[in-house]
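Asker:
Printed below as a string of structure tokens:
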């Protein structure tokens, strides 16, 4: 029985002629005995091939593949490339679109891209069968009106025919309109993107569209030439939005409040607004009243800042303040708020700041901790700073104009109830934090005290600029070194007690159960026998707690750390825009442009992270020889500013292959993959004895306070699987395993993202 080869899963017919289609029809007959649930994953027909040829091909395809229960999952009818100045958008008949759907009932997604829709046939004689599409994309779609007659009239033209076809749809999960216009070919020729105000407007078309039979689950509208009043009236009265869960609206911010107050979006759980701002007067009467959205969980506001010719540097911050004043308090159901800013000057830059996991709620959680630290500072006997490095930090801020502006702006961008109001308060809190060991608290964020102080500023645009600044990072390194020195003293053991906030107290014992049975310690001795806080933090497992899984199997790779799996990415590229949405791994940046990096281009990355409560030593994932070790200096508190490519349409909730799965719960988690390219990190290259594994690289990535990557092996040293390689000193951290491009790696089910993975357990097998 014929097995369908992988390369035929996707079929693209690009500007085909009669002979090409004949060859395709003959090819379809070769599939007569194919036992496959799906013949083509996607079928793309470009440049709108002649109607009779398309029909002939689809007829043969349907006739000759009787044994395939589903022929095509995704169908795309695509015009010429609109980026080409000489390109002419393709013409396709409404009848052809419907006929294709009729012949391919298995279609899951229909894309109409850069198409000029005409009508030649009389649709009244076409039988319309109910069907269920999951996704309908109308991207770069135009309609040849050939007249300016009112759509309200008894018109039997192209729009009516197109709507008649859509009326046969029972259910559309995702409905996306992008750059949808109406044109009069007689008036404007082929320039279908011309912004011409027709009496038959796009708003009227959408008005008729949403009153069709189908119900929409996700709605995206961008770059639409809308008559707002008409569109709003339809949204208010139509039942098409009864099941709406996600709504993205762009360039229509003056209408948002009316849409939300219309009551047609009571099931809405995610709202994304894209607001275009030219640096001028912001509409001060704008109000985003979300009180009707009783089920809203996620609010996202993206602002496109277009600086004027005399644009000022603080345009972004003025806009953010105005937007903040315009937003009515979201309902209690909201657990995630994101504010994105895309600052457009001469070039196109994508900048996003994320204010954590519902930042005002985090502020309330942090307030008691911050207040207690400030109270402690006020009761000091000597004025000024206890640590001279804090005085130096203040001098850096106040003597450098750019740094002074950045540290001032990062706090100005925070909500009014933020617990840390300015850089002076920040420095006072730093002085307290680096003079003591961290007590145990239930919040992981407060268990990383410097991060607790900077959680708000880290999520601002100014913070992104400052925490990427070399001089600022050198000062942070000096400050953390002072703290690290203290954490290696006997005085730092003051929190290693059984008090409520002690690391052997009732709360800590619940978070780290069976401590004495798991870790090397002396429970009958003061401080459990630890010589310092750092000695406690880098504690060892007792013998036999984490044995090597299958020690005789050289084809198994084991976990180098006690971690939670975060991400698995095959076929990594040499260079990627790692700061954009999804944070693709950029091999050369991760490996600091090391000469050995070329071995890993096209290879595989497995990333996992450690919490403040985890075991913090690293162990060899394979048996072999250490080829090279490298310590790479980098950033400490620089977090991801995701970029949303505003020139594309993104299906809400969709996760592309290779992207981090699902929404991250807070700013630190959101930046796990991003920081692998920028943060302080240690690289350990090992040549495995098994040639099928070959060269691997373990990357220990310092995260926030975890500035010290302590490598304990050196080049030329032999290591056995499970031998110690090094350790982190204090805090949470992340790590990566990189496999070379020739290693055929199969990831273990237990090492899939979100799973807890024990040290020395199998994470992958080489084929």
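Numbering (the working numbering), first residue to last: 1 to 767. Ideal Cβ positions, reconstructed from N, Cα and C, are used throughout, including at glycine.
#1: Quickly, what does DSSP pair residue 601 with across the bridge? List them, please.
#2: Using the rule of at least 16 other Cβ atoms within 10 Å of the residue's Cβ for burial, across every protein chain shown, is residue 770 buried or exposed?
#3: Would you kindly check if the distance between the Cβ of residue 724 and the Cβ of residue 599 is under 9 Å?
#4: CA-CA distance, residue 750 and residue 567?
#5: Excluding sequence positions up to five away, which residues of its chain have a Cβ less than 7 Å from the Cβ of residue 498?
#6: Looking at the secondary structure, which residues open and close the beta strand (DSSP E) in which residue 487 lies?
#7: CB-CB under 7 Å to residue 678, same chain, minus the five flanking residues each way: which ones, in chain order?
#8: So, for residue 744: in the same chain, excluding its five sequence neighbours on each side, which residues have a beta-carbon less than 7 Å away from its beta-carbon?
#9: Looking only at its chain, what residues have a beta carbon closer than 7 Å to the beta carbon of residue 318, apart from the 5 residues adjacent to it on each side?
#10: Any idea what DSSP makes of residue 345, helix, strand or coil?
#11: Should residue 702 and residue 680 be called a contact, given that it needs their Cβ atoms to be closer than 9 Å?
#12: Quick one: residues in its chain with C-beta nearer than 8 Å to the C-beta of residue 735, no 5 flanking neighbours on either side, listed in chain order?
#13: Compute the distance between the beta-carbons of residue 558 and residue 760, then report whether it is under 9 Å.
#14: From residue 500 to residue 605, what does the alpha carbon distance come to, in whole angstroms?
#15: Whole angstroms is fine: what's the gap from residue 586's alpha carbon to residue 687's?
#16: Tell me which residue opens and which closes the beta strand (DSSP E) that residue 728 is part of.
#17: Would DSSP call residue 761 helix, strand or coil?
#18: So who's on the other strand from residue 618, going by DSSP bridges?
#19: By DSSP, does residue 680 sit in helix, in strand, or in coil?
#20: Comparing alpha-carbon positions, which option in 414, 407, 433 lies nearest residue 385?
#21: With a 10 Å radius around its C-beta and 16 neighbouring C-beta atoms as the bar for buried, classify residue 401 as buried or exposed.
#22: State buried or exposed for residue 294, treating a residue as buried only when at least 16 other CB atoms are found within 10 Å of its CB.
#23: Any idea what DSSP makes of residue 606, helix, strand or coil?
#24: Please confirm whether residue 602 and residue 628 have their CB atoms less than 9 Å apart.
#25: Could you tell me which of 683, 516, 408 sits nearest to residue 592, measuring between CA atoms?
#26: If you draw a straight line from the alpha carbon of residue 362 to that of residue 496, how long is it in whole angstroms?
#27: Do residue 696 and residue 621 have their CB atoms nearer than 9 Å?
#28: So, under 8 Å CB-CB, residue 762 and residue 556 are touching, yes? Tell me the CB distance rounded to an integer number of Å.
#29: So, do the stretch 426 to 441 and the stretch 474 to 487 have three or more beta carbon pairs nearer to each other than 8 Å?
#30: Tell me which residues share the same chain as residue 575 and place their Cβ nearer than 7 Å to its Cβ, disregarding the 5 neighbours each side in the sequence.
#31: Could you name each continuous beta strand (DSSP E) segment of 3 residues or more that falls completely within the stretch 541 to 578, going from the start of the chain to the end?
#32: Quick check on this structure: which residue in 468, 460, 431, 462 has the alpha carbon closest to the alpha carbon of residue 450?
#33: Could you round the C-beta distance between residue 427 and residue 390 to whole angstroms and report it? I think they count as a contact, below 8 Å.
#34: For residue 708, report the span of its beta strand (DSSP E) as first-last.
#35: By Cβ distance below 6 Å, which residues in the same chain neighbour residue 614 in space, the five residues on each side in sequence not counted?
#36: How would you write the range of the beta strand (DSSP E) that residue 397 sits in, first residue to last?
Answerer: A quick look at the data gives this:
#1: Its beta-bridge partners do not exist; DSSP assigns none.
#2: The requested residue 770 does not occur in the structure, where the chain is confined to residues 1 to 767.
#3: Not closer than 9 Å, so no.
#4: Just so you know, the alpha carbons of residue 750 and residue 567 end up roughly 13 Å apart.
#5: Cβ neighbours of residue 498 within its own chain (closer than 7 Å, five residues either side excluded): 504, 505.
#6: In the DSSP assignment, residue 487 falls outside any beta strand (DSSP E) and lies within the alpha helix (DSSP H) extending over 470 to 487.
#7: If you ignore the 5 residues before and after residue 678, its C-beta comes within less than 7 Å of the C-beta of 634, 635, 638, all in its own chain and listed in chain order.
#8: Only 766, 767 meet the Cβ criterion.
#9: The predicted model places residue 318 with a pLDDT of 47, which falls under 50 and marks its position as unreliable, so this point remains unresolved.
#10: Residue placement at residue 345 is poorly supported in this model, since its pLDDT is 33, which falls under 50; the coordinates still yield a value, given next. Looking at residue 345 - three-state DSSP - the assignment turns out to be coil, as it is neither helix nor strand.
#11: The beta carbons of residue 702 and residue 680 sit closer together than 9 Å.
#12: Excluding sequence neighbours, residue 735 sits near 560, 561, 563, 607, 608, 609, 610, 618, 698, 699, 700, 701.
#13: In contact: residue 558 and residue 760 (Cβ atoms closer than 9 Å).
#14: Cα-Cα distance, rounded: 41 Å.
#15: Roughly 22 Å separates the two Cα atoms.
#16: Start and end: 724 to 729.
#17: Here DSSP, grouped into helix, strand and coil, assigns residue 761 to coil.
#18: Beta-bridge partners assigned by DSSP to residue 618: 726.
#19: Coil at residue 680, not helix or strand.
#20: Looking from the CA of residue 385, the closest CA among 414, 407, 433 belongs to 433.
#21: Result: exposed.
#22: By the 10 Å Cβ count, residue 294 comes out exposed.
#23: DSSP places residue 606 in strand when its eight states are reduced to three.
#24: Annotated as distal: residue 602 and residue 628, with beta-carbon spacing of 9 Å or more.
#25: Closest option to residue 592, Cα to Cα, is 683.
#26: Reliability of the predicted coordinates at residue 362 is poor, the pLDDT of 44 falling under 50, and the value obtained from them is presented with this limitation in mind. Put simply, the backbone Cα of residue 362 is about 27 Å away from that of residue 496.
#27: Between residue 696 and residue 621, the gap from beta carbon to beta carbon is short of 9 Å.
#28: Right, their Cβ atoms sit about 5 Å apart.
#29: The stretch 426 to 441 vs the stretch 474 to 487: in contact.
#30: So the list reads 586, 588, once near-sequence residues are dropped.
#31: Segments of the beta strand (DSSP E) lying fully in the stretch 541 to 578: 556 to 558, 563 to 569.
#32: Of 468, 460, 431, 462, the residue nearest in Cα terms is 431.
#33: Contact flag correct, Cβ pair sits at about 5 Å.
#34: That run of the beta strand (DSSP E) goes 708 to 711.
#35: If you ignore the 5 residues before and after residue 614, its C-beta comes within less than 6 Å of the C-beta of 562, all in its own chain and listed in chain order.
#36: That residue, residue 397, is in no beta strand (DSSP E); its alpha helix (DSSP H) goes 388 to 399.
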